[in-house]
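In terms of our numbering, the sequence shown is numbered consecutively and its last residue is 378.
Only one structure is covered here, and it is reproduced in the block below.
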Amino acid sequence: MGTYIYRELTPSVIEAMKYFPVVTITGPRQSGKTSLSRHICPDFSYANLADISQRGKAANDPTGFLNALGRFAIIDEVQNVPDILSMIQVRVDEDPECRYILTGSSNFSLLAKVTQSLAGRTAVFTLLPFSLKEIKSIEENESIEKIIIDGLYPRKIVDNIPGEIYYSGYYNTYVERDLRDLLQVKNILSFDKFIRVLAARIGSEFNASSIAREVGVSSHTIKEWMSILTTSYIAFELRPYFNNISKQYSKMPKVYFYDTGLACYLLEIDTPETLRKHQMRGHLFENLAVCELLKKRYNEGKDTRLFFYRDKAGTEVDIVEPHGLDLSIYEVKYGDTLYPEFLRNMKKASEILKNVKRKVLIYNGRTMGDSVINIRDI
């Protein structure tokens, strides 16, 4: 493994450790959770419950397992032995000076177990793959198309692994291991078709019935599979913005992938030249921008409150970010040149939404103040 690259989440984790005996870090496999934890706390003992022998020790003798680790420990993939969480609760209640960092790559299952066993005792963070800001010095001379294709997984970047090799291994491991852990997906070929169809719909509304017809399964199955992708940090939904929260969940969301490199692999886009000519180029650029804003929020310890806006008249903006009663809105455009029409939708939307305090165009050209920014400057 190469040199450690500083993660923007670091200050939030260090601050939380002053007040909470347990810090939980969740995120995709290979997003750098272990490296971050061991960088912040190099003297902590370490165990990985993805390792079958470590898992057996923790499951069969949790008291002895925790005794061996001591009062300061990092435990990876803790959702594999959920019973250990109640033991950790007892320990930190008896000894408030104890400190544990727990990590896991299964979103819902980990958080459900953590919030049940460690409520009030843990701060929870999400670590996604590198942000463009984190690798600015490494990728500053690369084209945005190459960055989109390469993706931003730490090991892929640091070890300079060819995309075809890295994402083939990542995806096949995911299918072979995570799918069987999360749900008994019996028809792997249909699931593979589903995830590739979904990649082709990045930036579009998630219509389960339409996808079901294309894949040849029920819409219920499609919704279930989408939940799996969300749980395992492969893809996520962006909800439409409404002042009425119930409407956000009654309307169709848009779908994005947590990493554009994996999406490009699934779409068989393997060179910048291919991407520049591909019909998905704008959608993938938009996906990158949405993820950069999402990472910024996560790295500041905030929730995922990002939305999109579209009304019946066709007025649309790509991203809406609430700040209390105020809103920031973002329009994302693939290209290096600024055109006046890029700003029209935001102007219309701001007149409708009323409480817009900031309008931002994200593109691949020169940053010009606070309202027109290069995607690398998010």
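No residue lacks a Cβ here, since even glycine has one placed at the ideal position from N, Cα and C.
(message) If I follow the unbroken alpha helix (DSSP H) through Ala47, where does it start and stop?
(response) That residue, Ala47, is in no alpha helix (DSSP H); its beta strand (DSSP E) goes Ser45 to Asn48.
(message) When you compare the stretch 289-303 with the stretch 115-130, are there three or more beta-carbon pairs, one atom per stretch, that lie closer than 8 Å?
(response) yes
(message) For the pair the stretch 256-264 and the stretch 305-319, tell me if three or more CB-CB distances fall below 8 Å.
(response) no
(message) Can you tell me whether Val360 is buried or exposed? The criterion is at least 16 other CB atoms within 10 Å of its CB, across all chains shown.
(response) buried
(request) Would you list, in sequence order, the uninterrupted beta strand (DSSP E) runs of no fewer than 3 residues that lie entirely inside the stretch 289-347? (result) With a minimum length of 3 residues, the unbroken runs of beta strand (DSSP E) contained wholly in the stretch 289-347 fall at 307-310, 316-323 and 326-332.
(message) Between which residues of its own chain and Ile161 is the CB-CB distance below 8 Å, once the five residues before and five after are set aside?
(response) Arg155
(request) Give the DSSP bridge partners of Phe236, in chain order. (result) Tyr256
(request) In angstroms with no decimal places, state the Cα-to-Cα distance between Leu152 and Gly261. (result) 7 Å
(request) Note down, in chain order, each residue of its chain lying with its Cβ closer than 6 Å to the Cβ of Glu139, except the 5 sequence neighbours on either side. (result) Ile147
(request) Would you tell me roughly how many angstroms separate the C-alpha atoms of Asn345 and Asp311, rounded to the nearest one? (result) 11 Å
(request) Could you spell out where the alpha helix (DSSP H) holding Thr173 opens and where it closes? (result) Run containing Thr173: Gly163 to Thr173, per the alpha helix (DSSP H) assignment.
(request) Assign Arg366 to one of three DSSP states: helix, strand, or coil. (result) Looking at Arg366 - three-state DSSP - the assignment turns out to be coil, as it is neither helix nor strand.
(request) Compare the C-alpha of Pro240 against each of Ile165, Thr230, Asp318 and Asn172 and name the closest. (result) Cα-wise, what sits closest to Pro240 is Asp318.
(request) In angstroms with no decimal places, state the Cα-to-Cα distance between Thr230 and Phe236. (result) 5 Å
(message) Residues in the same chain with beta-carbon distance under 8 Å from Phe342, minus the five sequence neighbours each way, listed in chain order, please.
(response) Glu331, Lys333, Leu361 and Tyr363
(message) Quick check: the Cα distance between Asn299 and Pro42, rounded to an integer number of angstroms?
(response) Each residue's Cα considered, the two are about 21 Å apart.
(message) Considering just the uninterrupted stretch of the beta strand (DSSP E) at Asn374, what are its terminal residues?
(response) Val372 to Asn374
(request) Grab the span of the alpha helix (DSSP H) containing Ile75 for me, first residue to last. (result) First-last for Ile75: Phe72 to Asp76, but that is the beta strand (DSSP E), not the alpha helix (DSSP H).
(message) Within the continuous alpha helix (DSSP H) that includes Phe191, where are the two ends?
(response) Ile188 to Ala199
(request) Would you list, in sequence order, the uninterrupted alpha helix (DSSP H) runs of no fewer than 4 residues that lie entirely inside the stretch 96-156? (result) 107-117, 136-139 and 144-150
(request) Tell me whether Glu268 sits in a helix, a strand or coil according to DSSP, three-state version. (result) coil
(request) Tell me, please, whether the stretch 272-290 touches the stretch 212-232 by the rule of three or more beta-carbon pairs shorter than 8 Å. (result) no
(request) Spatial neighbours of Asn187 within its chain, please: CB distance less than 8 Å, with the 5 preceding and 5 following residues excluded, ordered by chain position. (result) Val217
(request) Specify the secondary structure class of Val23 as computed by DSSP and reduced to three states. (result) strand
(message) Only counting the same chain, and skipping five residues up and downstream in sequence, which positions put a Cβ closer than 6 Å to that of Thr24?
(response) Leu102, Val114, Thr122 and Val124
(request) Could you round the C-beta distance between Pro322 and Ser143 to whole angstroms and report it? I think they count as a contact, below 8 Å. (result) Actually they do not touch by this definition, with Cβ atoms about 33 Å apart.
(message) Closer than 8 Å is the cut-off here; do at least three beta carbon pairs connect the stretch 72-91 with the stretch 42-61?
(response) They touch, by the three-pair rule.
(message) Quick check on Leu284: does DSSP put it in helix, strand or coil?
(response) In this structure, DSSP gives Leu284 a helical state, which the three-state scheme calls helix.
(message) Just to confirm my understanding: we take Ile14, look at its own chain, exclude 5 residues before and 5 after, and list those with CB closer than 8 Å. What are they?
(response) Ile40
(message) Check for me: the alpha helix (DSSP H) holding Ser37 runs from which residue to which?
(response) The continuous alpha helix (DSSP H) containing Ser37 extends over residues Lys33 to Ile40.
(message) Using a 10 Å radius around the Cβ and a threshold of 16 neighbouring Cβ atoms, would you call Leu325 buried or exposed?
(response) Within a 10 Å sphere around the beta-carbon of Leu325 sit fewer than 16 other beta-carbons, which makes this residue exposed.
(request) Return the CA-CA distance between Thr337 and Glu97, expressed in angstroms with no decimal places. (result) 55 Å
(message) Is it buried or exposed, Asp150, if we count other Cβ atoms within 10 angstroms and call 16 or more buried?
(response) buried
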